[in-house]
Structures are given as C-alpha cells and as structure tokens.
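Numbered by the working numbering, the letters in the first sequence go through residues 11 to 474 in order.
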Amino acid sequence: MKIYNTLTRKKEEFVPLEDGKVKIYVCGPTVYNYIHIGNARPLCVFDVLRRYLEYRGFDVTFVQNFTDIDDKIIIKANEEGVTSKEIAEKYIKEYKIDVEGLFVKEATIHPKATENIGEIIKFIKTLVDKGCAYESGGDVYFSTKSFDEYGKLSRQPLDDLELGARIDIDERKREPMDFALWKKAKEGEPFWNSPWSEGRPGWHIECSAMSRRYLGDTFDIHAGGQDLIFPHHENEIAQSECANGAPFARYWMHNGYINVDNIKMSKSAGNFFTVRDVAKTYGYEPIRYLMVTTHYRMPINYSIEVIEQCKASLQRIYTCRENLDFLLTNAKSKDEKQEQELKTKMAAHKDAFIKAMDDDLNTADGITAVFELVSDINRLINTDSSKELITFCADLLDELCAVFGLLQNRKKETVSDEVMALVEKRTKARQEKDWALADKIRDELYSMGVTLEDTPQGIKINQK
RNA sequence: GGCGACAUAGCCAAGCGGUAAGGCAAGGGUCUGCAAAACCCUUAUUCCCCAGUUCAAAUCUGGGUGUCGCCUCCA
C-alpha cells in the first residue's frame, strides 16, 4: 500500500515498524461544542484507513485523544456558569452520539488530557532538563530555536515565519515562535499542581505525551486535518523528538477541508453545518458517503445539492442489496456451472477495489468498484440464479461496503399485519383487474411509508 | 512577505504519458395493467488560458489567469 506522507511530500510504500501491526494516532476534538461536518471528515477518512488496514490483515492500534481542558472549554463553562469538566463531559457524550451515527469505530484507546496530567508534567520536565524548554513567570515555553529541524513538516523556515507572524509579542517568551507547554492558571481557572505553577497543560504537549504513553516514542501513522500541520503537528514533532531523542511519527497523513461556498468551514467563521443538523434531515450515512466519494486530500465543497446527490447514490447500493435479499427467497438451490464464470467476474471488482485503496486510499476509485459490482449484480443476477451465487454477491457487496462503513443501516423489520392485509387485498384486486382499487390501496400504503414493487418474483415490500 | 492546494460535462468526481472511469440529474427505449426497481441508448473531439517537450499531453516543463488555505484557536 502506498501512502502520501506529508513529511516527504511523496507517496511512499507503507511499511509498518512492526510486521503486521500498525500504530495510529489521530488528533481528537476539543470538546466544547457539537462537531460540524468539517470535523467529521478526519473521523470518517481515518476510520476508513483503519478499516482498510484491518481488512488487509493488520492489527491496528488506534489512539485518539480528547482535549478536555482548554481555553475554549473554560470560556464556554464561564458563559454557561458550569465547570469545565461539565462542559467537557457533556460534549464528549454528544460527540459519541455523532460518531456512532457515522459508524466510526471506537478508538482502541481514547485518552483524555485531564487523565494524563502526570504524564504531561513528566514530559515537560524532560524538555526543561534537556534545555529545550524554559520556565517564565509560572508558564513553561518550548524553545523553537533549540530544535534544528523545526519546520520540517510544514517546510516553513523559522525566520520567514517570524517575518509574517501575526502572533502577539509576549514578554514571557524568548522568541515569538516559542509556544506554551504549561500555562499558569488565572483567577478562577481550573488548575493542577506542577513544579512551575498551579496551571494547566498547553494544547500541543498533550498529543506528544499521550502518543508516547500509548504508542511509544516512534509509531507508524499520525493523522489529522491539514490545518493542524502548522503549528500543532510541527510542535508535536519538536517536543517529541527533543524529549525522546527518537523519530516521532513515520507517516503523516492530512485530510483536506470541507468548504462552504469555497470558504473553509469553521466554527470561528460561523459557516458550519453540524453533523447533528445534517443528520436530522438526511441521516448520518450520506455524510459518510460524502467523505468517501472524494479523495481525502482534496477539498470538498459542501452544499445541499451535494448531500442530496450522496443520498441518492447511496440508495442505488441499498436497492441492489435489498434486491439480493429478496431474490434469495426465490432462488434456485442448485448451482449452475456457468456461475463460476460470473463469480470470477464479480470478484474482479474486488481486485479493482484493492488496487484503488492501495493507492493512497483512493476511495473515489474504490467506490467506483462498488458501483461496477452493483451494475454487474443488477445485470446478471435474477431469479434463475442459485442461492449460492446470490449469497456470494451479497457477501462481496457487504465486504467492500464495510470498509467504507457503508450499508450498515439495513433494517430487518417485519411487515405488520395491517400492511400485510392491505397487500393481500391489493393482490386480490389485481387478480380481478380492479386497477382503481389496487392503485388506491397502493397510495394508501405509500402514505404509510410503504412502497410496493410488483416483480416477476412476487411483491417486494419496502418500508421507510 | 513566506509556504501550499485546487481548476475535468448541468452537478459531484476519478485519472499521474497511450487517446476522457463512476455517481447524481436530464431525455429516449425495454419490462409493467399503470407504476417501482432494473436494464439498454443518448449527454465533454475535450480537461482554465498560452507556449514548449514528445510519435503521443487532462497528465511533463515554462509562463499566465482565477479560487482557496496555512503562517492566530481550528479537522
């Protein structure tokens, strides 16, 4: 498999540190609000990465943190007159609802910053001892000048950064580009004891400390949004490589943004759609589909039209899958010889799928393979097919869709007696060629959310 | 000022030197009592523009144009 590595700006063959095992760290949310669909992109994309690696037989350890102490959380807590902890807990809960709706697998480990304060302090101590960080008025700052390779991920030369910097001149810092590892608490802010002051950790240090704790000094993949490249990921590299004296993440993957009217979606710009709201109208799955339909490094321009298209596209896959189930109930049980040929044809789509996904997770081509499989199924499968062939197709479709986390919402509802009675009444009317009555019953069922299809194999009942 | 991304049909979107995938939408047809679903056919002589390299360019090179992003919290 090839992965585009932001560190080298090239597609590289992915070789894990330890054979058959992959260690991944993805920056998680700061929990002070509902997530928007821009936040959902890395969640979905790197969940697909994880599922694909697992599909290819890797044992994946997936760590994603919660930033549950931060200026924004404190501000929100003050606004609402509750504690930071209450805000964090509330939005972790809401986050989990959305993530579950999106069928994102739960992380192997989901550490919280506030549960790793000791680890973080230990980490900062090491940096201070090594001369990479300094205390100043109760705060602790990382000295960017102490790390020669600072800027290697974002390819930003330090001097040029300072030239155009819009950062505040802070007298507590030696250099403008230095960043806080530990912040002394102001009046009324939550704090933990440390050798420097009563305070709280800075944002960047959390990820360095937690990734080391759960994945070690060096691990395979570190992922997140492109906006984290600088300064967040750059700072993580500086902290971790200074403290550990070992390379940090080996592959860096960054997803593109989701835009609205071509402008980046963000909470500060106010042009965002929450996952919750979009899901309310369209369901969660079209959001997930949207992420998969475009290559993860490309920008996506979100609009109502686009999400509606996603929903319609998804329906094609669902219909195919439901038709397979329906056909199964009418299938012949014997296997035809020519079916082996069909199976080979179907399986070729799996090869195309793997080829696409191996190429830096080309999900757009991957989903094309799924659609081509759907087309072949629609064309070749009918009531003369054997149970075995139909099952083979259904399993293959399920298998590929599962990597995307799609086709996970298939309902197995039973048809109510009321509906059944109406269907039977309509069948009788049709036998008597009383089309007016038959259509009236069909309309009635439609208003109940039930659509009927008269197929050569019998009546297919679809319930909404 | 520094660094970077993107531009392909009505919409979305692949393509990475060999003559434009796939999905949505639209139109026509087959099937159907009518539908639905499905299938078949149609919809970019051309990939922002201009040069260049090549037998061959959407793809490579150079130069433009437009849009966006990072350098401040941000996925």
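We treat Cβ as the ideally placed atom computed from N, Cα and C, and that holds for glycine.
- With C-beta atoms as the reference, is residue 77 less than 8 Å away from residue 216? Taking the first residue of the first sequence as 1, we reach residue 77 at position 67. Taking the first residue of the first sequence as 1, we reach residue 216 at position 206. Yes, they are a contact pair.
- Task: Enumerate in chain order the residues of its own chain whose CB-to-CB distance from residue 282 is below 8 Å, with the five nearest sequence positions on each side excluded.
- Result: What you label residue 282 is simply residue 272 of the first sequence in a count that begins at 1. Taken in chain order, the residues that qualify are 46, 47, 48, 270, 275, 276.
- Using the C-alpha atoms, what's the distance from residue 257 back to residue 249? On the first sequence, position 239 is the one that residue 249 refers to. On the first sequence, position 247 is the one that residue 257 refers to. If I take the Cα positions, the gap works out to 11 Å.
- Task: Would you check if there are 3 or more beta carbon pairs closer than 8 Å linking the segment 124-139 to the segment 163-171?
- Result: no
- Please classify residue 23: does DSSP put it in a helix, a strand, or coil? Counting from one through the first sequence, the residue named residue 23 turns up at place 13. Under the three-state reduction of DSSP, residue 23 is assigned to strand.
- Message: Tell me which residues share the same chain as residue 251 and place their Cβ nearer than 8 Å to its Cβ, disregarding the 5 neighbours each side in the sequence.
- Response: Walking along the first sequence from the start, residue 251 turns up at place 241. Once the five neighbours on either side are set aside, the close Cβ partners of residue 251 are 157, 159, 257, 258.
- Message: Looking at residue 58: is its Cβ nearer than 8 Å to the Cβ of residue 34?
- Response: If you number the first sequence from 1, residue 58 lands on position 48. If you number the first sequence from 1, residue 34 lands on position 24. In this structure, residue 58 lies away from residue 34, with their beta-carbon atoms at least 8 Å apart.
- Task: From the DSSP output, read off the bridge partner residues of residue 105.
- Result: On the first sequence, residue 105 is found 95 positions in, with the first residue counted as 1. For residue 105, DSSP assigns no beta-bridge partner whatsoever.
- Message: Among 313, 305, 402, 334, whose alpha-carbon lies nearest the alpha-carbon of residue 52?
- Response: By one-based count along the first sequence, residue 52 stands at place 42. The candidate whose alpha carbon is nearest that of residue 52 is 305.
- Just the C-alpha distance for residue 149 and residue 60, rounded to the nearest angstrom, thanks. Here the question's residue 149 lines up with position 139 in the first sequence. Here the question's residue 60 lines up with position 50 in the first sequence. Their backbone Cα atoms lie some 38 Å apart in a straight line.
- So residue 264 is in the beta strand (DSSP E); what residue range does that whole segment cover? Mapped onto the first sequence, residue 264 falls at position 254. 259-265 is the span of the beta strand (DSSP E), which, as asked, contains residue 264.
- The alpha helix (DSSP H) with residue 398 in it runs from where to where? Within the first sequence, the letter at position 388 stands for residue 398. 397-414 is the span of the alpha helix (DSSP H), which, as asked, contains residue 398.
- Message: I'd like the ranges of any beta strand (DSSP E) spanning at least 3 consecutive residues and lying wholly in the segment 225-313.
- Response: 229-235, 259-265, 268-270, 310-312
- Message: Measuring alpha carbon to alpha carbon, tell me which residue in 268, 110, 288 is nearest residue 279.
- Response: Looking up residue 279 in the first sequence gives position 269. Looking at the Cα atoms, 268 is the closest of the given residues.
- Item | From 107, 261, 98, 214, residue whose alpha carbon lies closest to that of residue 18 | In the first sequence, residue 18 corresponds to position 8, counting from 1. Among 107, 261, 98, 214, the Cα nearest to that of residue 18 belongs to 261.
- Name the DSSP beta bridge partners of residue 211, please? Walking along the first sequence from the start, residue 211 turns up at place 201. DSSP, once it has assigned bridges, lists 192 as partnering residue 211.
- Query: So who's on the other strand from residue 202, going by DSSP bridges?
  - Reply: Looking up residue 202 in the first sequence gives position 192. As DSSP reads the structure, residue 202 sits in a beta bridge with 209.
- Query: Excluding the five sequence neighbours on either side, which residues of its own chain have a C-beta within less than 8 Å of the C-beta of residue 27, listed in chain order?
  - Reply: Here residue 27 refers to the residue found at position 17 when the first sequence is read from its first residue. So the list reads 33, 228, 229, 230, 260, once near-sequence residues are dropped.
- Message: Does the structure place the segment 290-297 close enough to the segment 317-336 that three or more beta carbon pairs sit under 8 Å?
- Response: yes
- Message: Measuring only the C-alpha atoms, how far is residue 30 from residue 68?
- Response: By 1-based counting over the first sequence, the position of residue 30 is 20. By 1-based counting over the first sequence, the position of residue 68 is 58. Roughly 5 Å separates the two Cα atoms.
- Query: residue 307: which of 236, 368, 386, 438 sits nearest, CA to CA?
  - Reply: To locate residue 307, count along the first sequence from 1; it is residue 297. The candidate whose alpha carbon is nearest that of residue 307 is 236.
- Is it buried or exposed for residue 196, if we count other Cβ within 10 angstroms and need 16 for buried? Here residue 196 is taken as the residue at index 186 of the first sequence, counted from 1. Taking every protein chain shown into account, the CB of residue 196 has fewer than 16 other CB atoms within 10 angstroms, so this residue is exposed.
- Are the segment 395-407 and the segment 351-359 in contact at 8 Å, needing three or more beta carbon pairs? Short answer: they touch.
- When the Cα atoms are used, what is the spatial distance from residue 360 to residue 98? Start at 1 with the first residue of the first sequence, and residue 360 comes out as number 350. Start at 1 with the first residue of the first sequence, and residue 98 comes out as number 88. Looking at the two C-alpha atoms, the distance is approximately 42 Å.
- By Cβ distance, which residues of its chain are closer than 6 Å to residue 375, with the 5 residues on each side in sequence left out? Here residue 375 refers to the residue found at position 365 of the first sequence. Closer than 6 Å at the Cβ level, and outside the excluded window around residue 375, lie 366.
- Message: According to DSSP, simplified to helix, strand and coil, what is residue 377?
- Response: In the first sequence, counting from the first residue as 1, residue 377 sits at position 367. It is helical.
- State yes or no: is the C-beta of residue 233 within less than 8 Å of the C-beta of residue 126? Translated into positions along the first sequence, residue 233 becomes position 223. Translated into positions along the first sequence, residue 126 becomes position 116. No, the pair does not count as a contact, with Cβ atoms beyond the cut-off.
- From this set, 425, 369, 401, 388, which residue's C-alpha is nearest residue 24's C-alpha? Here residue 24 refers to the residue found at position 14 of the first sequence. Among 425, 369, 401, 388, the Cα nearest to that of residue 24 is on 369.
- Item | Simplified DSSP assignment, three categories, for residue 68 | Locating residue 68 in the first sequence gives position 58, where the first residue counts as 1. Of the three classes helix, strand and coil, the one that applies to residue 68 here is coil, per DSSP.
- Per DSSP, what kind of secondary structure is residue 502 in: helix, strand or coil? Look at the range of the chain in this structure, 11 to 474, and you will see that residue 502 is not part of it.
- Query: Pick from 284, 363, 205: whose alpha carbon is nearest that of residue 11?
  - Reply: As a position in the first sequence, residue 11 is number 1, starting the count at 1. Looking at the Cα atoms, 363 is the closest of the given residues.
- Task: Apply the 10 Å Cβ neighbour rule to residue 446 and answer buried if 16 or more other Cβ atoms are within range, or exposed otherwise.
- Result: The residue you call residue 446 lines up with position 436 of the first sequence. It counts as exposed.
- Taking only the alpha-carbon atoms, compute the straight-line gap between residue 63 and residue 70 and give it to the nearest angstrom. Working through the first sequence from its first residue, we reach residue 63 at position 53. Working through the first sequence from its first residue, we reach residue 70 at position 60. CA-to-CA, the gap between residue 63 and residue 70 works out to about 7 Å.
- Whole-angstrom C-beta distance between residue 39 and residue 144, which should lie under 8 Å: On the first sequence, residue 144 is found 134 positions in, with the first residue counted as 1. On the first sequence, residue 39 is found 29 positions in, with the first residue counted as 1. Rounded, the Cβ-Cβ distance is 30 Å, inconsistent with contact.
- Message: If distances are taken between C-alpha atoms only, which option among 264, 286, 349 comes closest to residue 240?
- Response: For the purposes of this step, residue 240 is taken as residue 230 along the first sequence, with counting starting at 1. Comparing Cα positions, the closest option is 264.
- Message: Just to confirm before moving on: does the CB-CB distance between residue 185 and residue 162 stay below 8 Å?
- Response: Along the first sequence, one-based indexing puts residue 185 at 175. Along the first sequence, one-based indexing puts residue 162 at 152. For residue 185 and residue 162, no; Cβs fall outside 8 Å.
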